[in-house]
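Take a look at the structure below.
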Amino acid sequence: MDLGLTGRVALVAGGTGLIGRAVAAALVAEGATVVIGARDELRLAEVAEGLGVGTVVLDTTEPGSVDAAVLSVRESYGPVEVLVNTAAPPADTLDPDRANDPEQVLQATSDKAMGYLRMTNAVLPGMRTAGWGRVVQLGGMHSYLTASATAATRNAAVVTTATALADGLAGTGVTVNVVHPGPVVEEPSGEVATGMTGDSTPAQVAALVVFLCSEAAGAISAESVTVGHKQRGLIAW
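What follows is the structure, given as structure tokens:
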């Protein structure tokens, strides 16, 4: 299937991370012009050399950095047509002893959901003008779970902001969707215990993300899709 991504300018925020690298590689394989963004210039250079992609220094928590990065991509490659947001502190960096601490909840939500929102707002004017655009936000299965107010709130905020954006863009040719990975590992166990979520590989996550970025997915927007078994024993509508 031709996904219609040849020549499309794609920006992967958080492109040096495990999932970000896989997404960037998958987009390159589909013929997209890919730029990865992250804070660490040295790490950006290392990853870019292996993938054959462009780079831009980017801190999604800083409005000035976001605006400068989007401008840099536009001047070097053209307007961003595909945005994949993966730039957020990994779940294992959150303090489990502060799972319900208001300060940690607020900071984690700001770092992830507001960073994604900031990035999306920066590229939407160009997408609206072009009448075509794809935005995919990486959430997490904790948006469905209650074990941690921090993890649940930051991922639920990703969903609510993405859905609000998608609704406002209905009929414009621009779509916004969320992908929720479970545990991401290089070698999934293939076993899912009752009450648990399933594993997936970075490439499996990337495959779904890239499809949602494609021409073929133009009728899909405001959706949240899980990768890996959602949760065995749960019926969720």
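Quick note: the sequence shown uses our numbering, first residue 143, plus one each step.
Here a beta-carbon is modelled for each residue, glycine too, at the ideal position from N, C-alpha and C.
Just so we're clear, the structure is a prediction, and the values are computed from it rather than from any experiment.
Inter-residue spacing [alpha-carbon to alpha-carbon] between residue i and residue j
i	j	result
S207	T343	31 Å
M143	F353	10 Å
V301	S366	7 Å
V177	T305	25 Å
E217	G194	19 Å
S363	D234	30 Å
E172	D239	43 Å
V247	N297	11 Å
R163	V351	12 Å
E191	W274	29 Å
A250	A230	8 Å
E328	H284	20 Å
A210	L311	24 Å
T288	G196	39 Å
G332	D341	7 Å
Y286	P267	32 Å
D309	A272	18 Å
Minimum Cβ-Cβ distance from residue i to chain E less than 8 Å
i	result
A229	Here chain E cannot be found, since the structure has a single protein chain.
For residue i, three-class secondary structure by DSSP
i	result
N263	helix
P221	coil
S207	helix
P323	strand
V189	helix
I178	strand
V170	helix
A361	coil
S356	coil
S331	coil
T148	coil
G159	coil
G196	strand
L307	helix
T368	strand
S342	strand
Short Cβ contact (8 Å threshold) for residue i with residue j
i	j	result
L147	A167	no
V165	V154	yes
L145	S356	yes
T262	L307	yes
V222	V198	no
L200	G179	yes
G370	G324	yes
T303	Y258	yes
V347	V326	yes
A255	A299	yes
R270	T314	yes
T203	D253	yes
P330	R260	no
Cβ contact (3+ pairs, closer than 8 Å) linking the region 150 to 162 and the region 185 to 199: yes
Touch test, the region 219 to 233 against the region 273 to 292, Cβ-Cβ under 8 Å, three pairs minimum: yes
The region 243 to 251 touching the region 286 to 293, judged by at least three CB pairs closer than 8 Å: yes
Secondary structure, alpha helix (DSSP H): runs of 4+ residues fully inside the region 231 to 287: 244 to 251, 257 to 272
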